[in-house]
Amino acid sequence: MDTFITNRIRKLRFEANEMTQHALAERVGVTRQTIIAIEAARYAPSLELAFRIARAFAKPLEDVFQYRADA
Amino acid sequence: MAWRERSAWISLVSTCLIFGIYFWHSAGALHDEVVRARPFLVNFLVAAVAATLINGGLHVVSAITGGIQRADERDAALEARAFRIAYGFLLGTLLCAFSFVALLGAIQSPSAAGTVLLPTFTAATQFALLVCVAAELLRNGMLIAGYRRGG
């Protein structure tokens, strides 16, 4: 089931020198499949993981994740 | 395919195979006129050992060929959901079955003749085992469905 949380991870990976899903997964300590699921908005990460992902891109949390209140 | 999804597939297939054969034999044996508990117990032990060996062996082969990944929070969430559904099914089914049997007064007292009581007891045991195996298959099925869906 899709979540109400959208994200810009794909775009941010592209901007971060085309970081691979595997590299991001290694950096934040999850599997590549989890990054794929988060990118596709099929899995809502925990707050801690969301912060870790935002930190990996050196961005504030709200620049990476958005809450779709109308969904 | 992720390590945990492969692991769920291995458990599903090995449990299906081994306990499928076990219950096939048990269903046939339950139709016999005199049912003895010992062959069921021996067959169950053989099935449990075979399932453990096949499951373990396939996991080792899978780990060598595909590598192991540490579980992350999504794996834990999928595992928890599969566990909740499967063991809800297990408890619910057993509770319903026992309530149904108790309601019908089908459970005989221990003082009843042994040969009459034994088939009922054996059948009840086999049913309980079948529900346990079904719960395990459901748990693995839910895990696979979760991984296939993505989250």
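Sequence lines, in order, name chains Y and S.
At the far end of the first sequence sits residue 107, using the numbering used here, and the numbering has no gaps.
At the far end of the second sequence sits residue 201, using the numbering used here, and the numbering has no gaps.
Yeah, the Cβ is synthetic: ideal placement off N, Cα and C, and Gly gets one too.
It should be emphasised that the depicted structure is a prediction, and the values quoted were computed from it without experimental measurement.
Query	Result
Am I right that residue 100/Y and residue 48/Y are in contact with their C-beta atoms under 8 Å? What's the rounded C-beta distance?	6 Å
Is residue 168/S helix, strand or coil by DSSP?	For residue 168/S, the pLDDT reaches just 45, beneath the cut-off of 50, and the residue's location in the model is therefore unreliable, although a value from the coordinates is still provided. Residue 168/S falls in the helix class under three-state DSSP.
Which class does residue 70/Y belong to by DSSP, given the choice of helix, strand or coil?	helix
With a cut-off of 8 Å, does the C-beta of residue 97/Y fall near any C-beta of chain S?	no
Grab the span of the alpha helix (DSSP H) containing residue 72/S for me, first residue to last.	53-80
Could you pull out every residue in the same chain whose Cβ sits closer than 6 Å to the Cβ of residue 199/S, ignoring the five residues on either side in sequence?	none
Would you kindly work out how many angstroms separate the C-alpha atoms of residue 66/Y and residue 183/S, rounded to a whole number?	31 Å
May I have the straight-line CA-CA distance separating residue 142/S from residue 53/Y, to the nearest angstrom?	53 Å
Only counting the same chain, and skipping five residues up and downstream in sequence, which positions put a Cβ closer than 7 Å to that of residue 164/S?	For residue 164/S, the predicted model reports a pLDDT of 46, less than 50, meaning its position is unreliable and no value from the coordinates is stated.
Which residues mark the beginning and the end of the alpha helix (DSSP H) in which residue 57/Y is found?	57-64
Can you tell me whether residue 98/Y is helix, strand or coil according to DSSP?	helix
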